[in-house]
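A short write-up of the structure that comes next.
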Amino acid sequence: MNTTDQRWRIAENVFSSVLLVLQVLLLLLWPFHEKLLLPDWALSGGRLHPILLHFPIVLLSMLAIAWFIRKGLGDALFSDLAFRSVLLLASFLATVTCLSGYVLSHKGDYDPELLGRHRNLGTFTALLSYLLWVFYPGRGTARDTRPFTVLFGISLSAIVLGSHFGGSLTHGEDYLFPDAEETTERKRPPLTANSTVYEALVQSVLDSRCTGCHNPKKAKGQLDLSSLEGLLKGGKSGAPWIPGDPLQSLMVQRILLDPADKKHMPPRGKPQLTAVEINQIEYWVHRGADLNQKISALLETDSLRILAMAMAGASPSSIKVARSYGFPEAGTAAIEKLQSPYRTLRPLYQQGPALQLSFFLKGAFQLNMIRECKPVAAQVVSLTLAKMPLQDPDVKELAMFTNLERMDLSGTEIQGKTLGELKPLSMLEYLSLTQTRVGLEELRSLKGIPSLKKVWIWNTAVDSADWILLKKAMPHIEWDFGTRMDEMERLKLTMPQPSDPDKMIFNSGEMLQLKHPLRGARILFTTDGSDPDTLQGNEYKQGIAVDRPMNILARAVLDGWMASDPKIFSVYARGIMPDSVVLLTRPNPKYLLNGGPSLVDNQKGDAGNLLVNWLGFRENYCQAMVITDGKKTIRQLILSTAINHYAYVFPPQRITVRYGLEKGKWLHTEQLRPAQPANYGPVANQPYIINLKSGAWKYLELSIEPVQKLPSWHSGKNEKAWVFLDEIFLQ
Amino acid sequence: MNDLQRYRLQFTRRHFLAKSMLGLGGLALGSLMMPGLFRKKEEEILSMPVGLPHFAPKAKRIIYLFQNGAPSQLESFDYKPLLNKMQGQDLPASVRMGQRLTGMTSNQEKFPLVGSAFGFKQYGQSGAWVSDMFPGIASIVDDICIVKTIHTDAINHDPALTFFQTGAQQGNRPSMGAWLSYGLGSENQNLPAFTVLLSRGRGNGQGVYSKLWTNGFLDSIHQGVVFSSGPDPVLYLNNPVGHDSLSRRAMLDEIAAFNQGSFAHTGDPEIQARIAQYEMSYRMQTAVPELTDLSKEPDHIIKMYGPDCLVPGSFASNCLLARKLSEAGVRFVQLYHQGWDQHGNLVGEMPLQAQDVDRASAALVRDLKQRGLLDETLVIWGGEFGRTNYCQGDLGRNNYGRDHHPKCFSIWMAGGGIKPGVVYGETDEFGYNIVKDPVSVHDLHATLLHLLGLDHEQLTFRHLGRRYRLTDVEGSLVPGIMA
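Protein chains in written order, with the numbering used here: chain A, 6 to 736; chain B, 7 to 489.
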């Protein structure tokens, strides 16, 4: 042997020894692979398996070809040494491949059955390849080469089978012969109300998007999403969801990740979940992720139920209002485009395609506003045109709302001649025509709408006596004529009201204005305190002149009504306006007002509210100096006081007026002792008229004394009473 | 202000989703829900989008005839002849069962039972008992559902009113109308979704306050707008003298420009609400006068409501106005009629109160019915609690008073999904305790919301860390009164 040969032999020996060691290791690993413990850094060695496996397969295949055609090859092409060396190399690589396979399978992501087969066949191949090298007979040997050939054949078969299983492990069982449908679409039973919410909302999504990689055969992340057991078991990272907390749930988190993120599920390149599907899952998790809850166990108004039923293809039902609309939805954009303050288009409710259309504000209405609704006409179920200026020729525009169920045309200007144009409305059930001029003949054309159930015709040109005729012509319709008021009932009118309720004091030339809200009502009045009626009252025309203090009684009368109660207006005339009024004594500090000028400010007080516009005296008596310009003749002084017995406000016990042309020089005196009550009486405004001698008096001094001792019948007997006054008038 | 802030602010307030006032028409119409909705910060998650009913509604609008002061159920809809038989006898402790008293009667040593001084008769197909004081309501008994077993927790007016209107006795929550405005918006963009009409009767009255129609923590656009009698139905609505609508328009445009600039700077959604309110007021200037002009009503309508309906500020005129507002698409019209607090002189005062409301309430129901609107409108009549079966103060020969009683009282409802011609619930013969089918205030709220197509547990708003709703944490539907 030459040196090359020798070196070659040495190399061969060394190599084969190493191989022997590895083979023994393989033999040990084969039954005890589960007991293998590896540190993490060694695991990347397993990743070499998919690369390394190519070498022994190729080499052994080439060797097989060479062996089977060895007879035809010359010595130059077939050398035993070369064959043996390559066989050694192949065996070595096969062993190393196997060992790396054990390391790879240590991570344990694979279907055990499949993995087991692959492992066994691979190990078998590696061991066989060693034996092949050991028992290589050589080409030209005399020994029987048949056992070797057979062994080689078995190895090749093992390679093919083992590789197939290995391929299935990586690419799925159906890789070679894929099924007609890519996904594991099992036959699921159809959804009904007895299905669970999970089946309706979540399972279908998982089936179509997730179980391609998360199924029993290929459980990525050890997660099997195709069955309840698999879900409950969870995967490598844990349970797919936390009931009630979608944002902490793993599955939801993965779905909501940025699509570019590696961990985003489903992975890039696979079909993604739609927004609706994401919402379904999130909401189901939020509601407790109950796998067993049936749809029928939920309240009918529960959103979860409604969603689930929608998925199940059933209509969203609500308590006894169930109405499923089969027509498709109008687009959101189309509906938004049609919104305006004068035309409202809204869905009837949230999950349905049905729309309701309403028009408002007569002044803003135009026929075009109806025409513009053509894109959504098929979805409108309820239409309100009440009080709009719609006319007969316009009615044909309404025919495009073919799915309309309820229409309100009350108060429109139609006369009903074109009601026949509504024939295309084959779903119309409720129609309101109140307050229009529709008559009996026009209503007959409604016969062309057999779906009608109820028509309101209150306040139309139809007489309620025609009810029989209508019923005969269209017996399927309920006709509502509205209430019939009792013609004979006579109600009492309300009292006439002053046009200006605050004005009680009138300057000369001003008149009291009265009014009554009912059209055509007349007002009768008296000024002398008597009860006004047609015999002893005057008819109110433009106003009532007030030239002195008077109590005006007024009633309202109208044919067909009972006359109202009389209303009493206590009014005052300003008369002669003094130059000034000065208070010489001080009123009670609580009721000071403005002092003297308050008595001529034309602000009338209300005896029921003593806090406003009244001067009150208790400890002092009231003394006031009234100064005029001395040019006009004065005949009377009128004092307006309040009476409120419960509040200790009594008539003054004495009123004294001293008057003359010069201050201090009193020419005349008048005195008045008002009548005192014998018992509690009503709260009232009491004027006192003091007649003076006629004259152009310049100075008038007024003294008013409150009662010093309340009478015995009063709860405050022997105490001082009050006197309240608000205005002084000179006539 | 960067996009992220803007994004956060807008969705914090869910402002743009309550879109009716701002013209954002459809929200997730046929499709299930807005995807973005589920992906906000954790707080925002998973309430249903607002502005649309959750499911098909029975009623679209409510008119609430609130009888403030608490009308006595024993003189209206709850007939208890036993009280007349036991007149003057002390209330047995077995009946009272330690129910708390108000400060007004806690000093009383005796609690003499007193029966109704007014007769009762049976009416309609259900044979409902109605007092002689309410002939009008008696005549529509076949259209209404009388609930005799409403009960509440509060015993005095303020907390009881607040509880009834806002769902809690503390006064910081949105009122019923505000919740409806938030949940459903207004049908008519030219009118507010929630209006309030006030009237006083001649009886002993308790006041009402704006807390009862407040928007609470919801957007200010949801508060109740008070329509008053007088020349100016809505305060500050009309242009001042010398200012015409063109100048008004120009002014509004300028203000809107300023506001938009402010919004671009700070992003406060309340600014957009303000702009929307100005625009609505502008449109209201046109819409309101044609509504409040009652003089154009035909004679038979006036006869039906009674001639009082032309006197501005009376309950009857408010009823007529309520019908017109409801017809025009206002979601919630609430009337308050004050004066039912008969602690004394019930015999003198209550008939006057009844006169004010009886004819008009019945007329309202009839009017809606003949126009075909009763199917879509829910009418409710009732007070904040009931009155005691014993007399407050001295039991006079011909007169008596009753104190507050929260344990049972009567209301009636008509229209929109309510079972007509039915009397629901039973109280004991003393008229003190509920025997069958109690309905709490929250139950009533839940049912009302349901009839309008809203799930009361889903109509929520997040505030101060938790989600609030009208029914707070209680309330269940009452199927027995729903058709």
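Cβ atoms here follow ideal geometry from the backbone N, Cα and C, with glycine treated the same way. The model shown is predicted, which means the values in this text are computed figures rather than measured ones.
**Prompt:** What residues from chain A crowd round B:L316, counting only those whose CB sits closer than 9 Å?
**Reply:** T499, H521, P522 and L523
**Prompt:** Around the C-beta of A:A147, are 16 or more other C-beta atoms found within 10 angstroms, so that it is buried, or is it exposed?
**Reply:** exposed
**Prompt:** Expressed to the nearest angstrom, what Euclidean distance is found between the alpha-carbon atoms of A:Y203 and A:E282?
**Reply:** One Cα belongs to A:Y203, the other to A:E282, and the distance between them is close to 13 Å.
**Item:** B:Q131 at chain A interface by Cβ criterion, 8 Å
**Value:** no
**Prompt:** Can you tell me whether B:V479 is buried or exposed, with buried defined as 16 or more other CB within 10 angstroms of its CB?
**Reply:** exposed
**Where B:Q229 falls, given that 16 or more other Cβ within 10 Å makes a residue buried** = Looking at its Cβ environment, which holds 16 or more other Cβ atoms inside 10 Å, B:Q229 is buried.
**Message:** Please state the DSSP three-state secondary structure of A:T175.
**Reply:** In the structure shown, A:T175 sits in a helix (DSSP, three-state: H, G or I).
**Asked** Could you check where the beta strand (DSSP E) with B:H306 kicks off and where it finishes?
**Response** No beta strand (DSSP E) holds B:H306; the alpha helix (DSSP H) holding it covers D305 to Y311.
**Message:** So that I know if they touch, is there some Cβ in chain A lying closer than 8 Å to that of B:E193?
**Reply:** yes
**Message:** Please identify the residue among A:V467, A:I581 and A:S232 whose C-alpha is closest to the C-alpha of A:F511.
**Reply:** A:I581
**Prompt:** Does any C-beta atom of chain A lie closer than 8 Å to the C-beta of B:I143?
**Reply:** Chain A, which has no Cβ nearer than 8 Å to the Cβ of B:I143, makes this no.
**Prompt:** Going by beta carbon distance, what residues of the same chain come within less than 7 Å of A:A95, once the five residues before and after it are set aside?
**Reply:** P61, L64, L65, L68 and S134
**Message:** Rounding to the nearest angstrom, what Cα-Cα distance links A:Q440 and A:I419 in this structure?
**Reply:** 10 Å
**Prompt:** Can you list, in chain order, the stretches of the beta strand (DSSP E) that have 3 or more residues and sit fully within the stretch 435-497 of chain A?
**Reply:** 435-437, 459-461 and 483-485
**Item:** Within chain A, the residues that B:G335 reaches when beta carbons sit closer than 9 Å
**Value:** T349, S363, F365 and T389
**Message:** Can you confirm whether A:G368, when its beta carbon is compared against all beta carbons of chain B, has any partner nearer than 8 Å?
**Reply:** yes
**Bridge partner(s) assigned by DSSP for B:D96** = B:P118
**Prompt:** Do the stretch 361-373 of chain B and the stretch 94-113 of chain B touch if we need at least three Cβ pairs shorter than 8 Å?
**Reply:** In short, these stretches do not touch, since the Cβ pair count stays below three.
**Request:** Go through its chain and collect everything with a Cβ distance to B:N395's Cβ below 8 Å, but skip five positions before and after it.
**Result:** L80, K86, L89, L97, L119, V120, R408, H411, F436, G437 and Y438
**Prompt:** So, is the C-beta of A:P264 closer than 8 Å to a C-beta in chain B?
**Reply:** Taking a beta-carbon distance threshold of 8 Å, A:P264 does not count as an interface residue toward chain B.
**Request:** Could you tell me whether any Cβ in chain B is nearer than 8 Å to the Cβ of A:T439?
**Result:** yes
**Message:** Is B:A265 close to chain A? Criterion is C-beta to C-beta, closer than 8 Å.
**Reply:** Checking the sequence, you will find Asn at residue 265 of chain B rather than Ala. No - not a single Cβ of chain A is within 8 Å of the one on B:N265.
**Message:** I'd like the ranges of any alpha helix (DSSP H) spanning at least 4 consecutive residues and lying wholly in the stretch 123-202 of chain B.
**Reply:** 141-145, 163-172 and 182-190
**Cβ contact check for the stretch 207-227 of chain B and the stretch 168-183 of chain B: 3 or more pairs under 8 Å** = yes
**Prompt:** Do you know offhand how far A:L126's Cα is from A:E118's?
**Reply:** 12 Å
**Request:** Please confirm if B:G378 has its CB atom under 8 Å from at least one CB of chain A.
**Result:** For B:G378, the answer is yes, since a Cβ of chain A falls inside 8 Å of its Cβ.
**Request:** Answer with buried or exposed for A:R351, where buried requires no fewer than 16 other C-beta atoms within 10 angstroms of its C-beta.
**Result:** It counts as buried.
**Request:** Flag this pair as touching only if the stretch 712-732 of chain A and the stretch 566-575 of chain A have three or more C-beta atom pairs under 8 Å; answer yes or no.
**Result:** no
**Asked** Where does A:V551 sit, in a helix, a strand or coil, going by DSSP?
**Response** Here A:V551 carries a coil assignment [DSSP, helix/strand/coil].
**Item:** Residues near A:L137 by beta carbon distance below 8 Å, same chain, minus five either side
**Value:** L92, S96, F153, L156, F157 and S160
**Request:** Rounded to whole angstroms, what's the CA-CA distance from B:I152 to B:P444? Just pull it up for me.
**Result:** In a straight line, the C-alpha of B:I152 is about 13 Å away from that of B:P444.
**Prompt:** For A:W461, which residues in chain B fall below 8 Å Cβ to Cβ?
**Reply:** Q376, R377 and G378
**Request:** Pair every Cβ in the stretch 659-666 of chain A with every Cβ in the stretch 589-606 of chain A, then say whether three or more of these pairs are closer than 8 Å.
**Result:** no
**Message:** Can you tell me where the beta strand (DSSP E) holding A:I709 begins and where it ends?
**Reply:** Y704 to E710
**Request:** Pick out whichever of A:Q681, A:A689 and A:N696 has its Cα sitting closest to the Cα of A:T661.
**Result:** A:N696
**Request:** Select from the stretch 626-640 of chain A all residues with a C-beta closer than 9 Å to any C-beta belonging to chain B, and list them in chain order.
**Result:** none
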